[in-house]
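Per this note's numbering, residue 201 is the first one in the sequence shown, and the count goes up by one each step. The C-beta atom is built at its ideal place from N, Cα and C for all residues, glycine as well. This one's a predicted model, so the numbers in the text were calculated from it and none came from an experiment. This report concerns only the one structure given below.
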Amino acid sequence: MIEFFKWQPESGLAPWFETDPYHPRRLVPVTSEGRRALWILVAGMASAIPLAMLLALFDPHHLLVLAVILLACLLLPASALADPAVVGRASVIDGDTIDIGGERVRLNGVDAPESWQRCEKEGGQEYRCGKESAAALDALLAASRPTRCEFIERDRNKRFVGICFRADGVNVNAWMVEQGHAMDWPRYSNYAYASLQKAAHDAKRGIWRGWYVLPCDARAARGKYQRRC
201 MIEFFKWQPE SGLAPWFETD PYHPRRLVPV TSEGRRALWI LVAGMASAIP LAMLLALFDP
261 HHLLVLAVIL LACLLLPASA LADPAVVGRA SVIDGDTIDI GGERVRLNGV DAPESWQRCE
321 KEGGQEYRCG KESAAALDAL LAASRPTRCE FIERDRNKRF VGICFRADGV NVNAWMVEQG
381 HAMDWPRYSN YAYASLQKAA HDAKRGIWRG WYVLPCDARA ARGKYQRRC
């Protein structure tokens, strides 16, 4: 049997929601199955309202049904109607992509070396910068679980794109750029991490220790398509 929602006895709101650890006044659905069930509920209510209104025109007794449906809609937390955050134990795919409970999450506004990508240190020594970036992200997330990602959009591959945080509040996207394990991607970040990138560059952290190829250029060369940087 699918467990749609986790039991949270301390919140008094089980089994529907758990308290958002970063915004205690906000409630979020616990599982992806639960979110889908919640959307089905909302869609059902939206369909039932006009039907109840139509019935009420012919029989005033149906006004009670309409009143009950409207009350249920008012009691449904507004936060549940927005694209919910994803919360859980994260598995690292590469330096800018993780997986939380089967949801593939792309870190918004940053671009990390691909897992197969190689760079060179200042002395010309080659190393696997993509692997190093992924390892740094894995260590970062493991130090304070669970990981929480705020929804921004869906990309062309239908991936969840968002800004992620550790349990202690550390901004994962920003940290990766600050430590030189990823680059600010102005096309999507609007230069949100530009100052952190400059600090990493000046301190020669991560990929800034030597020679590298922009991840978007590396992908274009490998896939033989026009760059989309």
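When we look at the beta-carbon of residue i and count the other beta-carbons within 10 Å, is it buried (16 or more) or exposed?
i, result
"P446", "An answer regarding residue 446 cannot be provided, because it is not within the stretch 201 to 429 covered by the chain."
"A421", "exposed"
"F217", "Note that F217 has pLDDT 46, beneath the 50 cutoff, so the model's placement of it is unreliable and no number is given."
"E326", "exposed"
"G423", "exposed"
"C349", "buried"
"A339", "exposed"
"K398", "exposed"
"D296", "buried"
"I394", "The sequence given here places Ala at residue 394; Ile does not occur at that position. Classification of A394: exposed, given that the 10 Å Cβ count is below 16."
Can the beta-carbon of residue i be found closer than 9 Å to that of residue j?
i, j, result
"L337", "A374", "no"
"T347", "V287", "yes"
"E353", "N308", "yes"
"G406", "Q379", "yes"
"A306", "D384", "It should be noted that the sequence gives Arg, not Ala, for residue 306. It is not a contact, given that the beta carbons lie outside the stated cut-off."
"C364", "N357", "no"
"E320", "Y412", "yes"
"M376", "A367", "no"
"S315", "D299", "no"
"A334", "V292", "yes"
"G330", "G410", "no"
"E332", "K404", "no"
"A285", "G369", "no"
Identify every residue that forms a DSSP beta bridge with residue i.
i, result
"E303", "I300"
"Y327", "C319"
"G288", "T347"
"R354", "F360"
"V413", "According to DSSP, V413 bridges with nothing at all."
"D311", "M383"
"D294", "T297"
Less than 8 Å separating the Cβ of residue i from some heavy atom of the ligand ADP?
i, result
"G380", "By its list of ligands, the structure shown contains no ligand whatsoever, and the ligand ADP lies outside what it can speak to."
Rounded to the nearest angstrom, how far is the Cβ of residue i from that of residue j, given a contact under 8 Å?
i, j, result
"F360", "R304", "7 Å"
"L341", "A290", "5 Å"
"Q317", "A392", "The Cβ separation is near 23 Å, so there is no contact."
Sequence ranges, alpha helix (DSSP H) only - wholly within the stretch 364 to 407, length at least 4: Taking only runs of at least 4 residues, the alpha helix (DSSP H) segments lying wholly in the stretch 364 to 407 are 372 to 378, 386 to 389 and 394 to 403.
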